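Input: a single structure, listed below in structure tokens.
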Amino acid sequence: MHYEIRGIPDSSAPPILFLNGLSQSTLAWHPLLAAGLEKHATCLLVDLLFQGKSDEDEKFRSFEAHATDVYALLQHLGIQRVVLVGISYGGAVGQRLMQQYPEVIAQAFLLATFGEKNPFFNFIGAAWKQALLQGGYPLLFDVMLPWVLGKTFLTRESEKIALLRSDKSAMSPSPQRLLLLMEATAKSSESFYAHLQDCPVPTQVIHGEEDLLCTPEMGSGLRRLCPKGNLPACRASDTV
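Residue 1 is where the sequence shown starts when you use the UniProt record's numbering, and the numbers rise one by one after that.
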């Protein structure tokens, strides 16, 4: 499993663990680190299996298995506790990490993620899969964009779309890998919230008001059932 350790190497604070969204790699976090975070913290960036520079397997990997992989990596590196930052797919893996290994999570930030799936969510996922099968990642990008970025971004920041398309294409897994990552979502439980009812991890749940896939309502549900969770919404914004 590919990982990068950046920032302050000997910080006394727990490292910040970053888990990518579906079609991302560790490259997605580089601008955030370059903006100043790496001057103040130790940052551990991870490509889950099938993402970025990590290996792949013959079969899909469940969110629970991804979480076990991450835990094994932390054990290998001798890291006892981390601050978890997971976005979308990475946030779903992060929830399993919180549930299975709460002792290693000092604090969690779950961004634009999901702990339940309803028919609307599943329909979008099925449409994304068909877009990938019919037109590869370029078509998938065009189909997924309005669902995750929202009207405000697409209206006010339309000149950035070409650059975003180029950046995302450069870091996206192959269609075969993406299909296996998508399978983990499709075969995950319809609701994971109940598993977090006794989770002791202080958790910040962050959703954009215009995110049509991982909606603020999903975040509210997660916050209500996570004993130490709260939900600041990003007004009229995406959270990518």
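Where a beta carbon is used, it is the ideal one built from N, C-alpha and C, also for glycine.
Source: prediction; values computed, not measured.
Straight-line CA distance for G219 to S88?
11 Å
8 Å CB neighbourhood of D69 in its chain, flanking five on each side removed
M1, L48, L49, R61
Could you check which residue in S11, P9, L17 has the C-alpha nearest to that of G3?
One point to set straight first is that residue 3 is Tyr, not Gly, in the sequence displayed. Comparing Cα-Cα distances from Y3 to each of S11, P9, L17, the minimum goes to L17.
Outcome for H66 when other beta-carbon atoms lying within 10 angstroms are tallied against a minimum of 16:
buried
Judging by CA-CA distance, which residue of H76, A108, V93, F63 is the nearest neighbour of residue 248?
Here the chain has residues from 1 to 240 only, and residue 248 is not among them.
Just tell me which of L19, L133, V205, C214 has its CA closest to the CA of L149.
C214
When you compare the segment 22-42 with the segment 169-179, are there three or more beta-carbon pairs, one atom per stretch, that lie closer than 8 Å?
Two segments are said to touch when three or more pairs of C-beta atoms, one from each, lie closer than 8 Å; by this definition the segment 22-42 touches the segment 169-179.
For the beta strand (DSSP E) that F109 lies in, which residues bound it at each end?
105-111
Pairwise C-alpha distance: P200 and A52:
Reading off the sequence, residue 52 comes out as Gly, not Ala. If I take the Cα positions, the gap works out to 31 Å.
Does R6 come out as helix, strand or coil in the three-state DSSP assignment?
Here R6 sits in strand by DSSP.
Use the C-beta contact count for K160: other C-beta atoms within 10 angstroms, 16 or more gives buried, fewer gives exposed.
exposed
L19 - DSSP class collapsed to helix/strand/coil
strand
Counting beta carbon pairs with one atom in the segment 127-143 and one in the segment 112-119, are three or more of them shorter than 8 Å?
no
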